[in-house]
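Trainee: Below are the structure tokens for one structure; questions will follow.
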Amino acid sequence: MNEVKPHLSYEGQINKLREKGCIIDDDSFCRNILVNIGYYRLSAYFLPFKSFDGTYMDNLSFKRVYRVYEFDRKLRNLLFSAIEVIEVSLRTKLAHFHSEKYGALGYLDASSFNSKHNADKFKLNIDREIENNKKVLFVKHHTDNYDGLFPLWVISELFTFGMLSYFYNDLITADKKAFAGADYRNMISWMRCCTDLRNICAHYGRLYFRIFSAMPSGFQISEAAKRRLWGAILSVKALYPSAEKWNSEFMPRIEALFEEYKEDINLYHLAFPREWAIQLKK
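Set out below in structure tokens:
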């Protein structure tokens with residue numbers, strides 16, 4: 000077992016970066032970043048610039064790494080906003096689709112799902128969300144006035160993206176086809192990619208040079224690209240409900256972001272193709 004690394008002062012952290020080959024031309028600027036972001040958090044952004052011996056590539060400046068960090072932060076906010084649109088849309092559409100066919104409380108009937116559906120686990124997850132949100136006005140209202148019974152279009156407001164994925168995956172195959180059309184087989188992989196991406200964004204995790212756990216299907220891209228941000232963002236595109244808003248609102252913002260940081264980032268680190276903007280438009 001390795002020993003736990005000792006505490007380092009900010010000056011010690013700056014010296015350690017220099018020893019590894021990082022160019023720091025403003026100690027005060029560097030110290031301020033380390034105070035507010037932390038050496039450990041920032042160290043992940045040095046990963047794509049590391050040599051096999053642990054030192055950094057020639058002429059790597061601290062300011063460049065910090066700009067990659069800022070790019071990542073802004074990209075995370077942009078994608079989180081897009082995923083919000085997807086999550087609300089899927090929640091609304093799934094609730095309407097299922098309740099129209101099976102009734103307001105049909106989600107509590109295991110026969111409205113496929114044979115793999117674990118009704119007890121599903122109900123436990125719902126009960127947990129109700130308990131965690133018991134002081135929320137609409138939850139209290141239905142608990143007090145409807146004997147704790149929630150129509151699907153109400154209870155789905157408490158569904159996490161993971162629960163939405165679970166809900167869709169457990170639909171009867173004919174219902175999946177009716178809901179998602181030709182993409183019904185690929186849709187669950189896109190939802191899982193968006194769940195993974197959403198959770199990373201919600202916890203301020205790193206997107207740059209990250210290997211994702213969920214992999215999308217249905218895209219003609221390499222296996223490596225499926226594991227990087229390119230695969231995740233194609234899933235976001237596939238599930239985004241409005242082509243017009245995607246092209247007129249999302250695309251200009253992401254193109255402007257990449258333009259702002261084009262001297263600092265490397266498309267290869269994200270598995271983005273050279274003509275990524277053309278491919279990303281709906």
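Sequential numbering from 0 applies to the sequence shown in numbering that gives the first Met the number 0. Heads up, the beta-carbon is just placed ideally off N, CA and C, and yes, glycines get one too. Being a predicted model, the structure only gives us computed values, none of them experimental.
With Met190 and Ser164 assumed to form a contact (beta carbons below 8 Å), what rounded beta-carbon distance in angstroms separates them?
Mentor: 4 Å
Trainee: Going by DSSP in three states, Tyr55 sits in which element: helix, strand or coil?
Mentor: Reduced to three states, the DSSP call for Tyr55 is strand.
Trainee: Who are the Cβ neighbours of Asn132 in its own chain at under 7 Å, not counting the five residues just before and after it?
Mentor: Val138, Leu157
Trainee: On the DSSP bridge list, what partners appear for Lys49?
Mentor: BP columns for Lys49 point to Tyr55.
Trainee: Spatial neighbours of Ile23 within its chain, please: CB distance less than 7 Å, with the 5 preceding and 5 following residues excluded, ordered by chain position.
Mentor: Ile13, Leu16, Arg17, Cys29, Phe61
Trainee: Anyone know if the C-beta pair for Arg40 and Tyr260 falls short of 9 Å?
Mentor: no
Trainee: Exposed or buried, Gly147, counting other C-beta atoms within 10 Å across all chains shown (16 or more means buried)?
Mentor: exposed
Trainee: For Asp174, count the other beta carbons within 10 Å of its own beta carbon; 16 or more makes it buried, fewer makes it exposed. Which is it?
Mentor: buried
Trainee: Quick one: residues in its chain with C-beta nearer than 8 Å to the C-beta of Phe79, no 5 flanking neighbours on either side, listed in chain order?
Mentor: Arg197, Cys200, Ala201
Trainee: On the DSSP letters alone, give me the boundaries of the alpha helix (DSSP H) that Asp119 sits inside.
Mentor: 118-131
Trainee: Could you give the DSSP three-state label for Ser212: helix, strand or coil?
Mentor: For Ser212, the three-state secondary structure derived from DSSP is coil.
Trainee: Mapping the DSSP letters down to three states, classify Ser221 as helix, strand or coil.
Mentor: Coil, per DSSP.
Trainee: Just the C-alpha distance for Val84 and Glu2, rounded to the nearest angstrom, thanks.
Mentor: 46 Å
Trainee: Would the beta-carbon of His140 be found less than 8 Å away from any heavy atom of the ligand ATP?
Mentor: The model on display carries no ligand, and the ligand ATP is accordingly not part of it.
Trainee: Can you tell which of Cys193, Leu233, Tyr101, Ser8 has its C-alpha closest to the C-alpha of Ile220?
Mentor: Leu233
Trainee: Out of curiosity, what's the CA-to-CA distance linking Asn185 and Ala270?
Mentor: Rounded to the nearest angstrom, the two C-alpha atoms are 21 Å apart.
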